[in-house]
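Reviewing the structure listed below.
Residue numbers (this note's numbering): 43 to 237.
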């Protein structure tokens with residue numbers, strides 16, 4: 043009898059503890075954490091570092107990649123280019139790419155990130171987070187689950203999309219909504235738009 047009570051108590055403890063563990067990747071509808079990126083390429087003139095606070099009042103599209111990632115080249119970069127083209131003259135939308143290296147450190151370093159920027163003619167800031175000696179702080183803070191990964195932050199600094207890739211037209215719809223000051227959950231429009 044005491045054996046069954048012990049098992050029930052143990053199961054009860056496990057079930058109660060489970061919500062304390064992260065259930066999914068991403069941090070949706072939370073305040074966006076600081077980036078803490080150590081290396082940057084193509085920064086705006088006069089800047090040595092970029093941080094979330096530099097883009098207050100703007101919608102931010104962050105694209106996380108690795109130079110050797112086939113999915114990044116097949117889906118991620120084409121989506122980034124498509125969405126950038128939709129907002130090319132829009133000062134309310136900012137695009138940033140960050141190489142979030144978690145494997146293949148020899149092939150996913152800062153020099154390779156620069157080469158990828160040239161390959162895709164990306165004239166946006168490119169960051170490098172993660173190396174063989176230091177885990178990517180950005181990946182940990184945003185709980186990304188690999189690459190390609192997309193994060194969209196609204197004008198108030200709240201993460202409104204944080205997931206593996208995004209369909210280009212869905213990204214455009216979401217950014218247009220966020221530009222208006224719309225906040226996910228205000229009404230049911232996001233369901234109709236597939237957001």
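Just so it is clear, CB atoms sit at the ideal spot from N, CA and C, and this is done for glycine as well. These numbers come from a predicted model, not from an experiment.
Inset, instruction - Can you say whether residue 197 is buried or exposed, counting buried as having 16 or more other CB atoms within 10 angstroms of its CB? - result: Position 155 of the chain shown, counted from the start, is the residue given in the question as residue 197. So residue 197 ends up on the buried side.
Legend entry - Range covered by the beta strand (DSSP E) that runs through residue 92: Taking the first residue of the chain shown as position 1, residue 92 is located at position 50. Run containing residue 92: none; DSSP gives neither H nor E here.
Inset, instruction - Let me know the secondary structure DSSP gives residue 139 once reduced to three states. - result: Within the chain shown, numbered from 1, the residue matching residue 139 stands at position 97. The answer is strand: DSSP assigns residue 139 an E or B state.
Legend entry - Collapsed DSSP secondary structure at residue 31 in the structure displayed: The chain is shown only over 43 to 237; residue 31 falls outside these bounds and no answer can be derived.
Inset, instruction - Label residue 66 either buried or exposed according to how many other C-beta atoms from any shown protein chain fall within 10 Å of its C-beta, with 16 as the threshold for buried. - result: For the purposes of this step, residue 66 is taken as residue 24 along the chain shown, with counting starting at 1. Exposed, by the Cβ-count rule.
Inset, instruction - Give the DSSP-derived three-state secondary structure of residue 61 in the structure shown. - result: Residue mapping note: residue 61 aligns to position 19 of the chain shown, counting from 1. Bear in mind that the predicted position of residue 61 carries a pLDDT of just 45, short of 50, making it unreliable; the figure below should be weighed with that in mind. It is helical.
Inset, instruction - Please report how far the alpha carbon of residue 169 lies from the alpha carbon of residue 209, in whole angstroms. - result: Along the chain shown, read from residue 1 onward, the residue named residue 169 stands at position 127. Along the chain shown, read from residue 1 onward, the residue named residue 209 stands at position 167. Here the alpha carbon of residue 169 sits roughly 23 Å from the alpha carbon of residue 209.
Inset, instruction - Would you identify the three-state DSSP class for residue 130, choosing helix, strand or coil? - result: Sequence index remark: in the chain shown, residue 130 carries index 88 (1-based). DSSP places residue 130 in coil when its eight states are reduced to three.
Legend entry - Among 144, 89 and 149, nearest to residue 185 - alpha-carbon criterion: Here residue 185 refers to the residue found at position 143 when the chain shown is read from its first residue. The shortest C-alpha separation from residue 185 is found at 144.
Legend entry - Top-ranked residue by Cα proximity to residue 87, from 218, 167 and 223: Working through the chain shown from its first residue, we reach residue 87 at position 45. Out of 218, 167 and 223, 167 has the C-alpha closest to the C-alpha of residue 87.
Legend entry - Pick from 139, 128, 146 and 127 that is closest to residue 255, judged by C-alpha positions: Residue 255 is absent from the model: the chain starts at 43 and stops at 237.
Inset, instruction - State the Cα-Cα distance for the pair residue 127 and residue 151, rounded to the nearest angstrom. - result: Looking up residue 127 in the chain shown gives position 85. Looking up residue 151 in the chain shown gives position 109. Computed Cα separation, rounded: 27 Å.
Inset, instruction - Could you check what DSSP says for residue 81 in three-state terms: helix, strand or coil? - result: As a working mapping, residue 81 is identified with position 39 in the chain shown. Per DSSP, reduced to three states, the secondary structure at residue 81 is strand.
Legend entry - Buried/exposed call for residue 190, threshold 16 Cβ in 10 Å: For the purposes of this step, residue 190 is identified with residue 148 of the chain shown, where counting begins at 1. With a 10 Å radius around the Cβ and a threshold of 16 neighbouring Cβ atoms, residue 190 comes out buried.
Inset, instruction - Determine the extent of the alpha helix (DSSP H) in which residue 193 is found, giving its start and end residues. - result: In the chain shown, residue 193 corresponds to position 151, counting from 1. According to the DSSP assignment, residue 193 belongs to no alpha helix (DSSP H) but to the beta strand (DSSP E) extending over 191 to 195.
Inset, instruction - Measure how close the beta-carbons of residue 134 and residue 221 come, nearest whole angstrom, since I'm counting them as under 8 Å. - result: Within the chain shown, residue 134 is the residue found at index 92, counting from 1. Within the chain shown, residue 221 is the residue found at index 179, counting from 1. The Cβ separation is near 5 Å, so the contact holds.
Inset, instruction - Look up residue 204 in the DSSP assignment and give the residues it is bridged to. - result: As a working mapping, residue 204 is identified with position 162 in the chain shown. In the DSSP output, where bridge partners are listed per residue, residue 204 has 193.
Legend entry - Bridge partners - residue 73, DSSP secondary structure assignment: The residue given as residue 73 occupies position 31 in the chain shown. DSSP lists 200 as partners of residue 73.
Legend entry - Close beta carbons around residue 181, own chain, < 8 Å, minus the five adjacent residues each side: If you number the chain shown from 1, residue 181 lands on position 139. If we look at residue 181 and ignore the five residues flanking it on each side, its Cβ neighbours are 106, 142, 144, 171 and 172.
Inset, instruction - Go ahead and pull the three-state DSSP assignment for residue 187. - result: For the purposes of this step, residue 187 is taken as the residue at position 145 of the chain shown. In this structure, residue 187 counts as coil in the three-state DSSP scheme.
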